[in-house]
Amino acid sequence: MLRVRGLVVRWFAEEGGQDLIEYALLSGAIGLAGFVAFAFVTDVMNTTYASWDTAVQSDELVEVPDPVPVEP
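Here the sequence shown is numbered in my numbering, starting from 1031 and rising by one per residue.
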């Protein structure tokens, strides 16, 4: 039992490989943040483009002049 306790204490005290785990967690967090940002930006761009497309295809942006009768 004393030997197992010594192994556990030594396992928690060693720092070899700790950097690798920290870098893996950091890169995972950055990747997740990038994925969430990409999903958010994609939705915003889609909404903006759809509203722009609707406005372009309607007559809101075009002023149609009233026909003026031409006098002979």
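All C-beta atoms in this analysis are idealised placements derived from N, C-alpha and C, irrespective of residue type, glycine included. Computed from a predicted model, the values in this text were never measured in an experiment.
Practice problem: Determine the direct distance from the alpha carbon of L1055 to that of V1071, and round the result to whole angstroms. | Solution: 24 Å
Practice problem: Return the CA-CA distance between T1077 and L1050, expressed in angstroms with no decimal places. | Solution: 41 Å
Quiz item: Three-state secondary structure (DSSP) at D1096?
Solution: Assigned with DSSP and collapsed to three states, D1096 falls in coil, not helix or strand.
Quiz item: Since M1031 is in the alpha helix (DSSP H), which residue starts that stretch and which ends it?
Solution: Unbroken run through M1031: none, as it is neither H nor E.
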